[in-house]
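Data block below; observations after.
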Amino acid sequence: MRQSLDSYVPNIFSEAEEEEEEDGQDPHYWLSVKNAKIIAQTVADALIAENPDDKSQYENNLKQYLTQLDDLDIELSNMLASYAGREVITFHDAWGYFTADYQLNIIGVFEHSPGKGPTPQYLKALNDTAIAHNIAVVFTEPQLSSDVIKPFMRDLGLKLFTLDPLGGDGEQDSYINLMRYNARTINNAFAE
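Below, the structure is given as structure tokens:
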């Protein structure tokens, strides 16, 4: 049985000029712990539908995982609470759900679509935005080359910090560790 999360996960619309998704919705919904709970429930429901004999095991596992996600959300909220309302610039437009959950505001995105750099006019506007809002850091991702943003950062004296939307190894070897890593990175960036 195939299920879509579209009807379960609330949508945040991307600020990008050229969207990854034609309808303008931010496809990075897993970067919200609240959405991760919806995803976990949807997966558990699908597994139960396919394997009803194992229903109790799936329900127990789900209950434990939802508790872990609730604890994680509280932990991240506490870690980032002092930065509520803080404005950020990101390299890629992937962080709408995360920033909405923890009251951060994305005021600029360097590269709206992967592989498509900014126009000179857009770069000038982003430069003006960074100056007007006293931006000190830019968040990039390990999956994207940050070489193109380095001259922009150097001109403004900005520091680069890496957020990871995908994880997979090292400190980001699980969803929970990935989200902690990203929150710690933001905390460290703003603490400097």
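Using the working numbering, you'd call the opening residue of the sequence shown number 153 and step up by one each time.
For glycine and all other residues, C-beta sits at the position ideal for the given N, C-alpha and C.
- Using a 10 angstroms sphere on the CB of asparagine 334, the tally of other CB atoms reaches 16 or more, which defines it as buried.
- DSSP places leucine 312 in no alpha helix (DSSP H) but in the uninterrupted beta strand (DSSP E) bounded by 311-314.
- Taking a contact to require three or more Cβ pairs closer than 8 Å, the region 323-341 and the region 228-239 qualify as touching.
- Isoleucine 287 places its beta carbon less than 7 Å from that of isoleucine 241.
- About 5 Å separates the Cβ atoms of isoleucine 328 and leucine 224, confirming a contact at the 8 Å cut-off.
- Within the region 255-327, the runs of alpha helix (DSSP H) at least 4 residues long that lie entirely inside it are, in chain order, 272-284 and 302-308.
- The Cβ-Cβ distance between histidine 285 and glutamate 239 falls below 7 Å.
- Three or more Cβ pairs drawn from the region 291-301 and the region 313-330 lie within less than 8 Å of each other, which places the two stretches in contact.
- The beta carbon of tyrosine 249 is closer than 7 Å to those of Ile164, Asp178, His180, Tyr181, Leu183, Ser184 and Asn187 in its chain, skipping five residues each way along the sequence.
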